Amino acid sequence: MKTLILYTSSHGTTQKAAEYLAAKFSISPDVFNLKNNKEVDLKFYDKLIIGSSVHAGMTPGFLKKFLEKNMDIILQKKFALFLSCMYEGEIIEKQFQNAFPEKLRNASVYNANSGGEFIFEKMNFIERMMVKKVAGVKASVTNIHYEELDKLFEAINIV
1334 MKTLILYTSS
1344 HGTTQKAAEY
1354 LAAKFSISPD
1364 VFNLKNNKEV
1374 DLKFYDKLII
1384 GSSVHAGMTP
1394 GFLKKFLEKN
1404 MDIILQKKFA
1414 LFLSCMYEGE
1424 IIEKQFQNAF
1434 PEKLRNASVY
1444 NANSGGEFIF
1454 EKMNFIERMM
1464 VKKVAGVKAS
1474 VTNIHYEELD
1484 KLFEAINIV
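Here you go:
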C-alpha cells in the first residue's frame, strides 16, 4: 500500500510533523510540501495524511483549492488530517473547521492537533509582533504533540 504525506508549512513545524510520521513507516511514504507540488496525482496512493499550518487562524488558500479540487478522490481513500496549531480546545476545533471541509473532517480516520511552534528566528517583524500581542509569547516556543501524531499513525495503519 502506497502512502502520501502531503503538508503545507511556512516555518517548518508542519514539515517536522510530516517527517516524524514518515519515519514511523516501514515502507517510506512519499512526502510532499503542497506549496511545491500543487498538481500531485492522488490516484497512485492508497492512504493519505494531509497536514497544514495555521497562521492568524488561516490556512493557505492553495490548500483549500487543492482539497476542493480533489475532494472526491480523497474521500475514496483512507486518510487522516492534522493541523499544526498552538491552541487547544474550542479554538483548535474552530481552526479545524476553517482548515478542512466538513466532509473531510467527518470521513477522516483521525483528526490530530499536532501542536506547534513559535520560531521567532524564522518570523518576520510583523509576525513576531502579532505573536507577542496575541499569544503573549516573547521568545521561541516548541509544543509539538508527538503523542497525537502517534495516534494518527496508528489510526491510518489499522487494517
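Numbering-wise (our numbering), the sequence shown opens with residue 1334 and increments by one.
The beta carbon of each residue, even a glycine, is placed where N, CA and C say it ideally should be.
Quantities reported herein were computed from a predicted structural model and do not represent experimental measurements.
beta-carbon residue i near the ligand COA non-hydrogen atom, thresh 7 Å
i, result
"E1450", "As presented, the structure is devoid of all ligands, the ligand COA included, so that no description of it is given."
Short Cβ contact (8 Å threshold) for residue i with residue j
i, j, result
"A1445", "L1482", "yes"
"V1442", "F1412", "yes"
"Y1378", "K1436", "no"
"E1450", "I1424", "no"
"V1373", "S1417", "no"
"K1349", "L1381", "no"
"L1337", "P1362", "yes"
"M1404", "A1468", "no"
"T1497", "A1432", "The structure shown does not extend to residue 1497, since the chain spans only 1334 to 1492, so no value can be given for it."
"N1366", "S1342", "yes"
Anticipated Cβ contact below 8 Å, residue i with residue j, distance rounded
i, j, result
"S1385", "Y1353", "The Cβ separation is near 15 Å, so there is no contact."
"I1459", "H1344", "With 8 Å as the limit, I1459 and H1344 do not qualify as a contact, their Cβ atoms being about 14 Å apart."
"A1521", "L1408", "In this structure the chain extends from 1334 to 1492, so residue 1521 is not present and cannot be described."
"E1454", "S1473", "7 Å"
According to DSSP, residues forming a beta bridge with residue i
i, result
"E1340", "Sequence inspection shows Tyr at residue 1340; the Glu mentioned does not correspond to that position. According to DSSP, Y1340 bridges with N1366 and G1384."
Proximal residues to residue i (C-beta, below 6 Å), its chain only, five neighbours per side dropped
i, result
"T1414", "Here the sequence assigns Leu to residue 1414, which means Thr is not the residue at that position. Excluding sequence neighbours, L1414 sits near I1383, F1433, S1441 and N1444."
"I1406", "L1375"
"G1448", "N1476, I1477 and H1478"
Residues near residue i in its chain [Cβ-Cβ closer than 7 Å; skip 5 each side]
i, result
"Y1479", "Y1353"
"K1494", "Because the chain here runs from 1334 to 1492, residue 1494 falls outside it and cannot be looked at."
"K1465", "K1471"
"Q1428", "V1387, G1390, L1416, C1418 and Y1420"
"F1358", "T1336"
Contact set for residue i: own chain, Cβ-Cβ below 8 Å, skip 5 residues either direction
i, result
"I1489", "T1336, K1380, I1382, K1411, F1412, A1413, V1442 and Y1443"
Runs of alpha helix (DSSP H) lying entirely within the segment 1441-1481, each at least 4 residues, in chain order: 1458-1468
Output the residue ranges of the beta strand (DSSP E) runs that lie fully inside the segment 1379-1421 and measure 3 residues or longer, sorted by chain position. 1380-1386 and 1411-1417
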